[in-house]
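Those sequence lines, one after another, are chains Z and Y. Every letter in the first sequence is one number past the one before it in our numbering, and letter 38, counting from 1, is 38. Every letter in the second sequence is one number past the one before it in our numbering, and letter 4, counting from 1, is 104.
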Amino acid sequence: MSVVDLLAAALVVIGCAFFLAGTIGLLRFPDTLTRLHALTKADNVGLGCICAGLAIRDATVSGVTTLIIIWLLAMFASTVSAFLIARWHGRDDAEGRA
Amino acid sequence: METFFLAASLFLLLNLVAGLVRVYQGPGAADRMLAVLLFGTTTVAALLLLAHGGGHPALIKVALVFVMLAAIAAIAFVRLPGGRGEEHGE
């Protein structure tokens, strides 16, 4: 096990811990918006850590570029989705109370 | 090393199943919409770990397509026809 392998394994473990934190937040937080926040932030950091760990192991330029692009796309997708879901939830609440 | 990646992807799939409990239980429609975000990131991470652990490099391209589909699915769901999107005229 070289240093690169150990570092990649450590980053993957940290990423999985962030995913676990996001899932626990999803199940235990009291409100829809807090659950949305937990899911977006924790899961994206976990995906970033896993991408970093895999990019360290895979030393080709195209592999690392593909992993970075996947992470950036996941960030954009989660940002847009979280905003739209929160706005839809706010509009849903307003219609429900009105 | 490869078995470690496979075990990590199995752990992420278990996280996905645990997150689906919220989708079943969530008291509002927006809670069920969280399934799109959950699938979007967790499945991409599991696919990347499977690609590096099992030896199928094509799964990385599948993860790329999947993350784009997650964005489009979320946008499509919150703009459902029937007054959920922009029609808010009072």
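Note that beta-carbon positions come from the ideal geometry of N, C-alpha and C, so glycine has one too.
Q. So what's G90 of chain Z in DSSP terms, helix, strand or just coil?
A. It is helical.
(Q) Contact criterion: CB-CB distance below 9 Å. Does T23 of chain Z meet it with respect to chain Y? (A) With 9 Å as the cut-off, T23 of chain Z counts as an interface residue toward chain Y.
Q. Cβ of L7 of chain Z less than 9 Å from any chain Y Cβ?
A. By the rule that beta-carbons nearer than 9 Å mark a contact, L7 of chain Z does not touch chain Y.
Q | Coil, strand or helix - A174 of chain Y by DSSP | A | Here DSSP, grouped into helix, strand and coil, assigns A174 of chain Y to helix.
Q) With DSSP run on the structure shown, which of helix, strand or coil describes M133 of chain Y? A) Annotated three-state conformation of M133 of chain Y is helix, per DSSP.
Q) Are the C-beta atoms of V80 of chain Z and some chain Y residue less than 9 Å apart? A) Closer than 9 Å to the CB of V80 of chain Z there is at least one CB belonging to chain Y.
Q) If you run the structure through DSSP and keep just helix, strand and coil, what is M168 of chain Y? A) Three-state result, M168 of chain Y: helix.
Q) Nearest chain Y C-beta to I70 of chain Z closer than 9 Å, yes or no? A) A Cβ of chain Y is located within less than 9 Å of the beta carbon of I70 of chain Z.
(Q) Contact criterion: CB-CB distance below 9 Å. Does T40 of chain Z meet it with respect to chain Y? (A) It does: the Cβ of T40 of chain Z has a partner Cβ on chain Y nearer than 9 Å.
Q.
Is T32 of chain Z close to chain Y? Criterion is C-beta to C-beta, closer than 9 Å.
A. With 9 Å as the cut-off, T32 of chain Z counts as an interface residue toward chain Y.
Q) Thinking just about the alpha-carbon of each residue, which of Y:A151, Y:F177, Y:A171, Y:I172 is nearest to the one in L110 of chain Y? A) From the listed residues Y:A151, Y:F177, Y:A171, Y:I172, the smallest Cα separation to L110 of chain Y is found for Y:A151.
Q. In its own chain, which residues sit with a C-beta less than 6 Å from the C-beta of H89 of chain Z, not counting the 5 before and 5 after it?
A. Counting only Cβ-Cβ distances below 6 Å, and skipping sequence neighbours, we find T32.
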